[in-house]
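Here the structure is laid out as structure tokens; the discussion comes afterwards.
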Amino acid sequence: DAKTTQPPSMDCAEGRAANLPCNHSTISGNEYVYWYRQIHSQGPQYIIHGLKNNETNEMASLIITEDRKSSTLILPHATLRDTAVYYCIVSLSLVIYNQGGKLIFGQGTELSVKP
Amino acid sequence: DVKVTQSSRYLVKRTGEKVFLECVQDMDHENMFWYRQDPGLGLRLIYFSYDVKMKEKGDIPEGYSVSREKKERFSLILESASTNQTSMYLCASSSSWEGSPGEQYFGPGTRLTVT
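Line order of the protein sequences matches chains P and B. Read the first sequence against this note's numbering and you will find it ends at 126, with the numbers running on by one and no gaps. Read the second sequence against this note's numbering and you will find it ends at 543, with the numbers running on by one and no gaps.
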């Protein structure tokens, strides 16, 4: 069962920052927050992940609250190509896949970037 | 960049046929996975493999088998295709190196229709 709650849909203007929230109030101390997205008719794409600290890579930033019960994925300058379903997933490290790390995709947030 | 390729994007087969779906990854990843994705049900894990010739059942292995004879290749076999196996099939791979994030990289998917 998915352990996260995300809004079903969001809109964002092209060129603006897209802030996608995720609630994970039952996260345990050794669980990570992973973000994936899926563009229509394509396979899911890994975006970023974090444990406690905020993280940034070339695609996005991940802000995790101090109590770790929620997080926000930030796409700093959204483009039309960022239109996709975004999934927030809580899991043990996926490196230990056969010992508990598991990708469970919930319903995600459908982000529409509009011109 | 990690590249995961799948043998076909679209496939149409008849009920009772034996179906082979092939997946190849080029990043020397130890772990490989097969999922199916259906509307309203999200991604469901069929099988995964953490080494050559090793396999473990996922959540929905019934009606499927797998083969991993080489590290880079993971095959999904439908012994006798049925209409309820009509779905999008997604292959993924990941590293089991302790220092890696363990994120899974997905292929583009194969949309299988069984008539």
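By construction, the Cβ of each residue, glycine as well, lies at the ideal position given by its N, Cα and C atoms.
Listed in chain order, the alpha helix (DSSP H) elements of length 4 or more contained wholly in the region 456-489 of chain B amount to none. Residue-level contact check: Q17(P) does not touch chain B, since none of the beta carbons of chain B fall below 8 Å from its beta carbon. Scanning Q118(P), S82(P), H60(P) and S123(P) for the CA closest to the CA of L469(B) turns up Q118(P).
Interface residue (Cβ-Cβ distance to chain B less than 8 Å): H35(P) is not classified as such. 8 Å or more divides the Cβ of A24(P) from the Cβ of L86(P).
Rounded to whole angstroms, the Cβ separation of I488(B) and I474(B) is 6 Å, and the two are in contact under 8 Å.
If you draw a straight line from the Cα of K499(B) to the Cα of P126(P), it comes to about 44 Å.
Within the region 507-540 of chain B, M516, L518, C519, A520, S522, S523, S524, W525, E526, G527, S528, P529, G530, E531, Q532, Y533, F534, G535, P536, G537 and R539 place their CB atoms closer than 9 Å to a CB of chain P, listed in sequence order.
Using a Cβ distance threshold of 8 Å, L84(P) and L73(P) count as a contacting pair.
Take R442(B), set aside five residues on each side of it, and the residues of its chain with a beta-carbon closer than 8 Å to its own are A509, V542 and T543, in chain order. Unbroken beta strand (DSSP E) runs of no fewer than 3 residues, entirely contained in the region 51-102 of chain P, are found at 56-61, 72-75, 81-86 and 95-102, following chain order. The DSSP-derived three-state label of T511(B) is helix.
The continuous stretches of beta strand (DSSP E) do not include A28(P), and DSSP gives it neither H nor E. Note that the region 90-106 of chain P touches the region 40-55 of chain P; at least 3 beta-carbon pairs, one per stretch, sit closer than 8 Å. Restricting attention to Q453(B), Q513(B) and N459(B), the CA atom closest to the CA of D466(B) is found in Q513(B). Between C519(B) and F476(B) the beta-carbon gap is near 10 Å, outside 8 Å, which marks them as no contact. In this structure, R496(B) keeps its C-beta atom at 8 Å or more from the C-beta atom of K485(B). Secondary-structure assignment with DSSP links T443(B) through no beta bridge to anything.
Annotation: the continuous beta strand (DSSP E) that includes Q49(P) extends over Y43 to Q49.
Judged by DSSP secondary structure, F502(B) falls within the beta strand (DSSP E) whose first and last residues are R501 to L506. Closer than 8 Å at the C-beta level to chain B, one finds these residues of the region 53-66 of chain P: Q53, G54, P55, Q56, Y57 and H60. Under the three-state reduction of DSSP, S39(P) is assigned to coil, being neither helix nor strand.
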